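Novice:
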């Protein structure tokens, strides 16, 4: 309600006399106006809650700083470090394209330091990963995201088959499930999402092994939480993975 309208209502309800002995009707009118104000502001607060505080989901993207000899080391063992770096840059470009097409707040986490690069600061909120291992780094990223969001999904940059539609499906799934998991063919996962902080899934995990996915699902079920699985996709870790996709650099 504009302040001018409030002042006009006060003038209508209150007398202009300076007589200290106010008419008996004045207190009743003041109470009536006060009650109307209370009802109005309660209504507005409910309306604001419904229309203003609907939060976007958060998409966390974990990447490595693209440096020769530091990325795709298993791939580099057969194709060489230069080509492995080129392939990783292609994967970054693909991941960036997918992330930009998702209706979410995007939090980009570099492995070592933030860069002024192709990841526009307008589209991506840039951070640096922190933690003793991958699980701790993901837990810290989720903790930051949950300060402003109710649904959070994390992806990496190794899955060339990931699409914006799949990420959108993951966010929708979190309306009815506690977790959503995108299984990778190698026994890990290319996507993980949750609708509130539940970081036990990152504890005591054998990272970079084929046991990651089964152990994660075991932890979720053991905690009595619900989950849904997305289609199985493959990461690009070896030369055969890259050849199967048929991409050219």
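In my numbering, the protein residues as written are 676 to 924.
Heads up, the beta-carbon is just placed ideally off N, CA and C, and yes, glycines get one too.
In this text, all values refer to a predicted model and were calculated from it rather than measured experimentally.
Does the Cβ of residue 891 have 16 or more other Cβ atoms within 10 Å, making it buried, or fewer, making it exposed?
Specialist: That one is buried.
Novice: Can you give the Cα-Cα distance for residue 780 and residue 837, rounded to whole angstroms?
Specialist: Looking at the two C-alpha atoms, the distance is approximately 18 Å.
Novice: Could you give the C-beta distance for residue 828 and residue 734, rounded to a whole number, given that I count them as a contact under 8 Å?
Specialist: Confirmed, Cβ separation roughly 6 Å.
Novice: Threshold first: 4 residues or longer. Then list the alpha helix (DSSP H) segments lying entirely within the segment 726-805, N to C.
Specialist: With a minimum length of 4 residues, the continuous alpha helix (DSSP H) runs that stay inside the segment 726-805 are 748-754, 756-775.
Novice: Which same chain residues, not among the five before or five after residue 731, have their C-beta less than 6 Å away from its C-beta?
Specialist: The answer, listed in chain order, is 779, 780.
Novice: Residues in the same chain with beta-carbon distance under 6 Å from residue 927, minus the five sequence neighbours each way, listed in chain order, please.
Specialist: Lying outside 676 to 924, the shown extent of the chain, residue 927 is not represented and no answer is given.
Novice: Quick one, are the C-beta atoms of residue 849 and residue 815 less than 8 Å apart?
Specialist: Taking 8 Å as the Cβ cut-off, residue 849 and residue 815 do not qualify as a contacting pair.
Novice: In three-state terms, what does DSSP make of residue 875?
Specialist: Residue state, collapsed to three classes: helix.
Novice: With 16 other CB atoms within 10 Å as the buried threshold, where does residue 883 fall?
Specialist: The residue is exposed, with fewer than 16 neighbouring Cβ atoms inside 10 Å.
Novice: If you measure between the beta carbons of residue 738 and residue 805, is that distance less than 8 Å?
Specialist: Not closer than 8 Å, so no.
Novice: Could you give the first and the last residue of the continuous beta strand (DSSP E) run that contains residue 902?
Specialist: 902-904 is the span of the beta strand (DSSP E), which, as asked, contains residue 902.
Novice: Return the chain-ordered list of same chain residues with a C-beta closer than 7 Å to the C-beta of residue 790, the five sequence neighbours on each side being excluded.
Specialist: Cβ within range, chain order: 740.
Novice: Can you tell me the Cα-Cα spacing of residue 724 and residue 826, whole angstroms?
Specialist: The predicted position of residue 724 is uncertain, since its pLDDT is 46 and thus under 50; a value taken from the coordinates is nonetheless stated next. Spanning the two alpha carbons is a distance of roughly 18 Å.
Novice: Would you call residue 910 buried or exposed, if buried means 16 or more other Cβ atoms sit within 10 Å of its Cβ?
Specialist: Result: buried.
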